[in-house]
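Notes follow once the structure below has been shown.
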Amino acid sequence: DTEVTQTPKHLVMGMTNKKSLKCEQHMGHRAMYWYKQKAKKPPELMFVYSYEKLSINESVPSRFSPECPNSSLLNLHLHALQPEDSALYLCASSHPGLAHNNEQFFGPGTRLTVL
Amino acid sequence: AQKITQTQPGMFVQEKEAVTLDCTYDTSDPSYGLFWYKQPSSGEMIFLIYQGSYDQQNATEGRYSLNFQKARKSANLVISASQLGDSAMYFCAMREGRIQGAQKLVFGQGTRLTINP
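Okay, here's the thing in structure tokens:
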């Protein structure tokens, strides 16, 4: 299984809603990532988990709350979002070994619209 | 300061022609890695090819090859015999560092490649 899955594919939410994005991989990767991508822009790193511990938080607002319940799952909890948070949210995973070419495998993304 | 520069916002190429997508980078770390990803309109980022800073030879993966010029800090992607399915956004990315084994990637602005029949 060389796939990263993300659910839901599309999400529309109001500014007062609470929702969660889910990411799953079964490749044995122990590093998992959340990216935010606005239209016609490159992905921007939000969070990195390594061995189920948060290792990088790129100064993301607290209305985004990541969680890594086990080595295969990564969640992103959303609360009180703003319309400018509308974007494609990409999950990725990689092997945390020391090999230089440990590429990140990306999921198909969740297209989020905040009304 | 921008660390990855892709100077071609858009490129149009005839099917079956070869195409070169430019990427220059800036780093003071002697150990770094460069990646190319393809992003079709569906949104998924697809890994294409990797070049390490200590690799002696240019990387190749099928129709993809990387023209790595270390002194010039450039890592251009070459696609041979382009196909209609190659139409997509292409991102160059550099591994900026590692924290507990995880990578931090910095992406360029991307190049939108359109293959014409």
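Protein chains in written order, with our numbering: chain A, 1 to 115; chain B, 1001 to 1117. Cβ atoms here follow ideal geometry from the backbone N, Cα and C, with glycine treated the same way.
Judged by beta-carbon spacing, L78 (chain A) lies within the 8 Å limit of M13 (chain A), meaning their Cβ atoms are closer than that value. The C-alpha of E52 (chain A) is placed about 6 Å away from the C-alpha of N70 (chain A). Take the alpha-carbon of P1030 (chain B) and the one of S50 (chain A): they are about 24 Å apart.
Sequence-distant partners of A87 (chain A) (beyond 5 residues in either direction) whose C-beta falls short of 7 Å from its own C-beta, in its chain, are K36, Q37, K38, L112.
Rounded to whole angstroms, P61 (chain A) and G1108 (chain B) show a C-alpha spacing of 24 Å. Residues of chain A with a Cβ closer than 9 Å to the Cβ of E1061 (chain B) do not exist; the shortest Cβ-Cβ separation is about 11 Å. Contact with chain B is found for Q104 (chain A), since one of that chain's Cβ atoms lies less than 8 Å from the residue's Cβ. Pairwise C-beta distances place the region 1076-1096 of chain B in contact with the region 1018-1029 of chain B, as three or more of them are shorter than 8 Å. I1046 (chain B) and Y1064 (chain B) do not touch by the CB rule: their CB atoms are close to 11 Å apart, not below 8 Å. The beta carbon of G1043 (chain B) lies closer than 8 Å to none in the same chain, with the five residues before and after it left out. Residue-level contact check: A1102 (chain B) touches chain A, since one or more beta carbons of chain A fall below 8 Å from its beta carbon.
Under the Cβ criterion of 8 Å, M1094 (chain B) is not counted among the residues facing chain A.
Within the model, the alpha-carbon separation for F64 (chain A) versus Q1057 (chain B) is close to 42 Å. For the region 37-50 of chain A, the residues whose beta carbon sits under 7 Å from a beta carbon of chain B are, in order, P42, P43, L45, V48, S50. At a C-beta separation below 8 Å, A87 (chain A) has no neighbours in chain B, since its nearest C-beta there lies roughly 11 Å away.
Leaving aside the five residues that flank D1055 (chain B) on each side, the residues in its chain whose CB is nearer than 8 Å to its CB run, in chain order, F1068. Within the model, the alpha-carbon separation for L90 (chain A) versus P108 (chain A) is close to 7 Å. In the structure shown, P83 (chain A) adopts helical secondary structure according to DSSP, grouped into three states. Measuring C-alpha to C-alpha distances from G28 (chain A) to each of A:E44, A:A92, A:T110 identifies A:A92 as the nearest. In this structure, B:L1077 is the residue among B:A1018, B:L1077, B:A1081, B:Q1008 with its C-alpha nearest to the C-alpha of L1048 (chain B).
According to the DSSP secondary-structure assignment, Y49 (chain A) is paired through a beta bridge with A:M32, A:L54. In its chain, beyond the 5 residues on either side, M15, V114, L115 have a beta carbon closer than 8 Å to the beta carbon of P83 (chain A). Judged by beta-carbon spacing, S1074 (chain B) lies beyond the 8 Å limit of V1013 (chain B), meaning their Cβ atoms are not closer than that value. About 6 Å separates the Cβ atoms of P66 (chain A) and W34 (chain A), confirming a contact at the 8 Å cut-off.
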